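These notes concern the structure reproduced below.
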Amino acid sequence: MLPTFPPLALPENVLSFEGEKFFELVNQTCGEIFKELMEVLSINTVHKLLLVENDILAVFQKKYKELEKITQRACLHLDDDTIMLKPGLRLDFDRFIEALHALTKSFQLNENDDSHNSYSFLIAFIENIFSNLVKNKNNYRYSEAVMHFAQSLYILGGRNVYEFVRLNLPGAIPSMPTLSESLGKAGARIEEGEFRYNELHDHQKSCGYDIAVCSEDATAVIKKVTYNAATNTFTGFSLPLERGIPVARHFQTDSFDELKNWFENEDKTNYLNVHIVQPLIASSPYSSPFLLVAYGISNNFEAIDVLNRWIWMFEKSKQSNVHIVAFSTDCDPRYLLAMRLATGFFAKFVNISLCDRKDVLDIDLPKDWSAWFFMQTRQVFFCFQDPTHLCTKLHEELETNVNSSSTSGDDSSEDENDLPCISSSGKHQFNGMRVTDTISLSLTNSYFCVEIDDKKIYS
Numbered sequence: 003m004l005p006t007f008p009p010l011a012l013p014e015n016v017l018s019f020e021g022e023k024f025f026e027l028v029n030q031t032c033g034e035i036f037k038e039l040m041e042v043l044s045i046n047t048v049h050k051l052l053l054v055e056n057d058i059l060a061v062f063q064k065k066y067k068e069l070e071k072i073t074q075r076a077c078l079h080l081d082d083d084t085i086m087l088k089p090g091l092r093l094d095f096d097r098f099i100e101a102l103h104a105l106t107k108s109f110q111l112n113e114n115d116d117s118h119n120s121y122s123f124l125i126a127f128i129e130n131i132f133s134n135l136v137k138n139k140n141n142y143r144y145s146e147a148v149m150h151f152a153q154s155l156y157i158l159g160g161r162n163v164y165e166f167v168r169l170n171l172p173g174a175i176p177s178m179p180t181l182s183e184s185l186g187k188a189g190a191r192i193e194e195g196e197f198r199y200n201e202l203h204d205h206q207k208s209c210g211y212d213i214a215v216c217s218e219d220a221t222a223v224i225k226k227v228t229y230n231a232a233t234n235t236f237t238g239f240s241l242p243l244e245r246g247i248p249v250a251r252h253f254q255t256d257s258f259d260e261l262k263n264w265f266e267n268e269d270k271t272n273y274l275n276v277h278i279v280q281p282l283i284a285s286s287p288y289s290s291p292f293l294l295v296a297y298g299i300s301n302n303f304e305a306i307d308v309l310n311r312w313i314w315m316f317e318k319s320k321q322s323n324v325h326i327v328a329f330s331t332d333c334d335p336r337y338l339l340a341m342r343l344a345t346g347f348f349a350k351f352v353n354i355s356l357c358d359r360k361d362v363l364d365i366d367l368p369k370d371w372s373a374w375f376f377m378q379t380r381q382v383f384f385c386f387q388d389p390t391h392l393c394t395k396l397h398e399e400l401e402t403n404v405n406s407s408s409t410s411g412d413d414s415s416e417d418e419n420d421l422p423c424i425s426s427s428g429k430h431q432f433n434g435m436r437v438t439d440t441i442s443l444s445l446t447n448s449y450f451c452v453e454i455d456d457k458k459i460y461s
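As structure tokens, then:
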């Protein structure tokens with residue numbers, strides 16, 4: 003059995019070597035003679051070496067003046083001028099070239115694996131479809147990759163998009179009950195009125211932030227009551243507030259009479275209130291926000307409820323290692339009063355001073371600001387109004403002033419004279435038209451104003 007040498011160990015990035023780094027590599031693996039040979043032959047990169055490897059040793063068979071000294075040292079010479087490369091040098095060079103080829107081949111295999119992995123989901127998706135097509139619908143099975151895709155599709159696209167894909171690709175993605183079960187197991191379900199502080203702590207650790215801004219806003223929703231079998235609760239009623247905190251699972255019962263009483267007497271919510279935590283990370287200014295809580299509300303709350311909720315959220319967030327430095331919301335007067343009470347802006351509690359807490363922020367304001375910038379230098383947190391909502395309010399106020407000045411002239415009487423022409427009309431004559439009693443002042447020019455039963459109606 004012939005003895006074999008172990009393969010030559012080369013750096014992983016050897017294929018990118020060039021210049022002095024390449025010559026040093028040749029010197030270490032093949033010796034100084036081959037290093038000088040590479041310099042004379044102008045081979046200064048691994049790529050060039052692999053392209054001309056078959057021509058390198060052939061240069062010793064001819065007498066080149068530039069290679070006389072190198073040939074004299076690298077070869078054995080006979081009296082008839084026949085020369086032979088020293089076996090040790092030949093072995094070192096062959097091992098070096100063999101190691102480079104092996105490394106090149108491994109990189110090619112890795113690239114093939116990467117290209118295969120780039121289509122791995124598509125392959126699994128198609129295989130899953132063909133596997134389910136030969137089964138009964140009750141026996142459909144889905145791989146983990148397909149389940150993750152289905153969850154992402156539902157979260158990002160919504161129910162309508164999900165059902166459209168499912169109905170047009172039979173056997174591709176699971177039905178809604180199966181998907182709901184998988185989302186529940188993955189912890190992706192958010193229960194109404196439940197603050198997700200444990201998840202906030204996990205989010206804080208994964209993203210590595212310490213401070214954040216909490217925003218609050220409500221969006222209109224269709225009044226609808228649904229039942230959650232997992233928690234035996236009814237969702238769609240306005241959750242009551244205790245010191246500003248929504249009471250989770252308040253509408254939970256096993257009594258039909260109590261449920262009937264809720265439908266008859268409780269308000270069905272038409273607003274969904276959402277609290278979002280936005281991390282403040284210097285290295286990642288566009289980091290994704292975190293949904294803290296969502297719940298249905300009515301219009302029956304006061305400024306003190308808002309402030310109590312903010313203080314409670316501030317303290318609970320600190321337990322999750324997140325310091326809320328500001329709260330942001332819209333321009334509702336109750337939110338504005340809560341902001342003034344929190345910041346001491348011409349308003350304060352009678353017996354409580356938030357600025358005396360130990361965890362307040364010390365603000366270093368420029369001295370020349372004191373004449374016009376009214377803010378205490380010790381704040382628990384800052385408060386911001388939504389700039390878009392604020393600009394809308396200013397625009398409506400300007401529209402009101404413009405409309406008031408324009409209607410004070412003679413043209414206003416002409417507009418009023420046009421209204422009696424249809425003042426005797428009833429609502430039955432406007433079937434099929436969308437009418438409303440009140441509209442935003444900014445939309446006044448986009449509506450027709452008519453009188454129905456001595457009342458102005460916009461259409």
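Residue 3 is where the sequence shown starts when you use the working numbering, and the numbers rise one by one after that. Ideal Cβ placement from N, Cα and C applies to all residues, glycine included. Nothing here was measured: the structure is a model prediction, and the numbers come from that model.
Task: Cross-strand partners of residue 331 (DSSP beta bridge) - done: Against the sequence shown, residue 331 aligns to sequence position 329. The partner list for residue 331 (beta bridge, DSSP) reads 387.
Task: Distance between residue 124 and residue 278 (C-alpha atoms, nearest Å) - done: Along the sequence shown, read from residue 1 onward, the residue named residue 278 stands at position 276. Along the sequence shown, read from residue 1 onward, the residue named residue 124 stands at position 122. One C-alpha to the other measures close to 35 Å.
Open item on the list: Using C-beta distances below 6 Å, list every residue in its chain close to residue 414, excluding the 5 sequence neighbours before and after it, in chain order.
Closed with: Looking up residue 414 in the sequence shown gives position 412. Low local confidence applies: a pLDDT of 44 at residue 414 is under 50, so the model's placement there is unreliable, and no value is given.
- [ ] Please go through the same chain and pick out, in chain order, the residues whose beta-carbon is closer than 6 Å to the beta-carbon of residue 75, but skip the five residues on each side of it.
- [x] Locating residue 75 in the sequence shown gives position 73, counting from the first residue. Result list for residue 75: 35, in chain order.
- [ ] Classify residue 298 as helix, strand or coil using the three-state DSSP reduction.
- [x] Your numbering for residue 298 matches position 296 in the sequence shown. Reduced to three states, the DSSP call for residue 298 is strand.
Open item on the list: Starting from residue 56, trace the alpha helix (DSSP H) in both directions and tell me its first and last residue.
Closed with: Numbered from 1 along the sequence shown, position 54 holds the residue referred to as residue 56. Start and end: 55 to 58.
TODO: Starting from residue 229, trace the beta strand (DSSP E) both ways and give me its first and last residue.
DONE: Walking along the sequence shown from the start, residue 229 turns up at place 227. Counting along the chain, the beta strand (DSSP E) containing residue 229 begins and ends at 228 to 230.
TODO: Look at the Cβ atom of residue 383, then the Cβ atom of residue 349, and state whether they are nearer than 8 Å.
DONE: As a working note, residue 383 is residue 381 in the sequence shown. As a working note, residue 349 is residue 347 in the sequence shown. Result no, Cβ atoms of residue 383 and residue 349 do not sit closer than 8 Å.
Task: Rounded separation between residue 358 and residue 399 - CA only - done: Residue 358 sits at position 356 when you count from the first residue of the sequence shown. Residue 399 sits at position 397 when you count from the first residue of the sequence shown. Computed Cα separation, rounded: 38 Å.
- [ ] Answer with buried or exposed for residue 379, where buried requires no fewer than 16 other C-beta atoms within 10 angstroms of its C-beta.
- [x] For this step, residue 379 is matched to residue 377 along the sequence shown. Exposed, by the Cβ-count rule.
Task: Segment contact flag, the stretch 163 to 175 with the stretch 212 to 223, C-beta cutoff 8 Å, min 3 pairs - done: no
- [ ] List the DSSP bridge partners of residue 125.
- [x] As a first step, residue 125 is located in the sequence shown; it is residue number 123 there, counting from the start. According to DSSP, which records beta bridges pairwise, residue 125 is partnered with nothing at all.
Task: Same chain, Cβ closer than 6 Å to residue 19, neighbours up to 5 away in sequence not counted - done: Within the sequence shown, the letter at position 17 stands for residue 19. Around residue 19: 27 and 48.
TODO: Report whether the distance from the Cβ of residue 401 to the nearest heavy atom of the ligand FAD is below 7 Å.
DONE: The ligand FAD is not among the ligands present in this structure, which contains no ligands whatsoever.
Task: Residue environment, residue 132, which counts as buried when at least 16 other CB atoms sit within 10 Å - done: Here residue 132 refers to the residue found at position 130 when the sequence shown is read from its first residue. When all chains shown are included, residue 132 counts as exposed.
- [ ] Give me the Cα-Cα distance between residue 13 and residue 77, rounded to the nearest whole angstrom.
- [x] Counting from 1 along the sequence shown, the entry for residue 13 is found at position 11. Counting from 1 along the sequence shown, the entry for residue 77 is found at position 75. When rounded, the distance between both Cα atoms is 30 Å.
- [ ] Enumerate in chain order the residues of its own chain whose CB-to-CB distance from residue 126 is below 8 Å, with the five nearest sequence positions on each side excluded.
- [x] By one-based count along the sequence shown, residue 126 stands at place 124. So the qualifying residues of the chain are 145, 147 and 148.
TODO: Could you tell me the distance, in whole angstroms, from the CA atom of residue 37 to the CA atom of residue 208?
DONE: Along the sequence shown, read from residue 1 onward, the residue named residue 37 stands at position 35. Along the sequence shown, read from residue 1 onward, the residue named residue 208 stands at position 206. C-alpha separation (whole angstroms): 50 Å.
Open item on the list: To test your reading of the DSSP string, which unbroken beta strand (DSSP E) runs of 3 or more residues are found completely within the stretch 182 to 223?
Closed with: 213 to 222
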